[in-house]
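Just below is one structure, and these are the notes that go with it.
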Amino acid sequence: MAAALAWHEHATPAALAEALAGAVARTLDAAVAARGAALLVVSGGTTPVRLFQALSRKPLAWEKVTVTLADERCVAPDSERSNARLVAQHLLQNRAARAGFVPLCDDGAEPAAAAAAADRRLTGLAWPADVMLLGMGTDGHTASLFPGAEGLEAMFAERDGAAVWPVAAPGAGEPRLTLAPRLIAGARFKALHIEGADKKEALKATLARAAPPFLPVRRVLEMATGEVHIHWAPRKDSRA
Ligand code: 6PG
Numbered sequence: 021m022a023a024a025l026a027w028h029e030h031a032t033p034a035a036l037a038e039a040l041a042g043a044v045a046r047t048l049d050a051a052v053a054a055r056g057a058a059l060l061v062v063s064g065g066t067t068p069v070r071l072f073q074a075l076s077r078k079p080l081a082w083e084k085v086t087v088t089l090a091d092e093r094c095v096a097p098d099s100e101r102s103n104a105r106l107v108a109q110h111l112l113q114n115r116a117a118r119a120g121f122v123p124l125c126d127d128g129a130e131p132a133a134a135a136a137a138a139d140r141r142l143t144g145l146a147w148p149a150d151v152m153l154l155g156m157g158t159d160g161h162t163a164s165l166f167p168g169a170e171g172l173e174a175m176f177a178e179r180d181g182a183a184v185w186p187v188a189a190p191g192a193g194e195p196r197l198t199l200a201p202r203l204i205a206g207a208r209f210k211a212l213h214i215e216g217a218d219k220k221e222a223l224k225a226t227l228a229r230a231a232p233p234f235l236p237v238r239r240v241l242e243m244a245t246g247e248v249h250i251h252w253a254p255r256k257d258s259r260a
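Residue numbers (the working numbering): 21 to 260.
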């Protein structure tokens with residue numbers, strides 16, 4: 021394992037959200053102080069809602085922060101499955117309403133064309149990202165790096181290729197776009213946010229394997245250098 025894994029276990033999702041939001045805000049603050057701007061990359065799904073709400077209230081120079089996505093589902097912008105919509109509703113609110121947002125998907129664009137357009141937009145951002153917030157599915161995907169996705173090996177092999185890739189995978193639900201593993205793994209501060217016993221077990225199982233095949237989440241952790249913070253809490257304030 022290339023990255024050192026720092027585990028943080030919290031009693032409740034609310035405690036996790038507050039602790040991780042505090043760490044992210046301090047990191048963004050330091051980035052703005054050091055470089056005059058900060059790049060925050062977030063994931064979608066359902067888990068980050070509380071975290072986004074807590075982060076949106078943190079006092080910092082949000083007008084100097086650019087937010088973008090680790091992945092996006094190619095759906096209409098008003099779909100409940102749109103990660104851009106999730107970010108607009110829960111993160112770009114309160115104090116964080118002053119942050120800039122760079123979307124991945126263009127409405128209605130076919131995935132390959134959307135990936136090419138997103139690639140052009142994201143290439144103009146200041147990499148490495150200051151903060152990368154990742155989630156994970158129980159199948160071991162992170163961002164939209166799904167087990168069995170077409171072209172997954174090329175995405176992991178690429179060291180200076182496209183920033184954004186189109187994804188078609190059996191478990192993905194709809195066509196998606198994902199950030200390249202190298203950009204995910206190369207972020208200055210990396211956190212994996214998981215809730216529920218099932219996700220912890222799935223992560224521990226792939227980490228415990230002695231030999232490949234490894235699930236995408238483990239492959240990203242292997243590619244990462246420095247530390248990756250893993251924040252876990254039981255789901256819905258229970259011990260499940
Ligand atoms: C997405 C993601 C994805 C997500 C996990 C966890 O858009 O689907 O960015 O990688 O983090 O699927 O999703 P849940 O939080 O819904 O379990």
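For each residue, glycine too, the CB sits at the ideal point set by N, CA and C.
Neighbour-count burial assignment, residue i, 16 or more Cβ in a 10 Å radius
| i | result |
| --- | --- |
| L77 | The residue you asked about is not Leu; residue 77 is Arg in the sequence shown. The residue is exposed, with fewer than 16 neighbouring Cβ atoms inside 10 Å. |
| A70 | In the sequence on display, residue 70 carries Arg and not Ala. Flag for R70 reads buried. |
| A24 | exposed |
| K256 | exposed |
| A174 | exposed |
| D91 | buried |
| T245 | exposed |
| W27 | exposed |
| E67 | Position check: residue 67 holds Thr in this sequence, whereas Glu was assumed. Buried is the call here. |
| A231 | exposed |
| A260 | In this prediction, A260 scores a pLDDT of 47, lower than 50, which makes its location untrustworthy; the coordinate-derived value is nonetheless stated afterwards. The residue in question, A260, is exposed, as its Cβ has fewer than 16 Cβ neighbours within 10 Å. |
| S102 | buried |
| A222 | buried |
| A225 | exposed |
| S99 | exposed |
| A253 | buried |
| A119 | buried |
| P33 | buried |
| A136 | exposed |
| T143 | exposed |
| A169 | buried |
| A117 | exposed |
| A177 | exposed |
| A22 | exposed |
| A211 | buried |
| A207 | buried |
Cβ pair residue i, residue j closer than 9 Å
| i | j | result |
| --- | --- | --- |
| L115 | L80 | Leu is not the amino acid found at residue 115; the sequence shown has Arg there. Going by C-beta atoms, R115 is nearer than 9 Å to L80. |
| F166 | A189 | yes |
| V85 | L59 | yes |
| G160 | L235 | yes |
| L172 | H213 | no |
| A150 | F209 | The amino acid at residue 150 is misidentified as Ala; the sequence shows Asp. Contact flag set, yes. |
| A182 | D139 | yes |
| R196 | R179 | no |
| E194 | R93 | yes |
| P186 | A134 | yes |
| G216 | G191 | no |
| H251 | L36 | yes |
| V62 | V87 | yes |
| A129 | F121 | no |
Which listed residue (the options) has its alpha carbon closest to that of residue i
| i | options | result |
| --- | --- | --- |
| V240 | M152, F72 and G120 | M152 |
| H110 | D139, G64 and H249 | G64 |
| H30 | K220, A207, T162 and A228 | K220 |
| A74 | A50, V52 and L40 | L40 |
| A96 | A50, L124 and A169 | L124 |
| E242 | D218, P233, P148 and A205 | A205 |
| V237 | A163, F121 and E247 | A163 |
| P148 | E130, F72, A129 and A57 | A57 |
| Q113 | F72, E247, V122 and L145 | F72 |
| P131 | A146, F121, V184 and E38 | V184 |
Residue i CB to nearest heavy atom of the ligand NAP below 8 Å
| i | result |
| --- | --- |
| R70 | Judged by which ligands are present, the ligand NAP is missing from the structure shown, whose ligands are the ligand 6PG. |
Open item on the list: To test your reading of the DSSP string, which unbroken beta strand (DSSP E) runs of 3 or more residues are found completely within the segment 168 to 200?
Closed with: 184 to 187 and 196 to 199
TODO: Please list the segments of the beta strand (DSSP E) lying wholly inside the segment 59 to 119, counting only runs of 3 or more residues, in order along the chain.
DONE: 85 to 89 and 91 to 93
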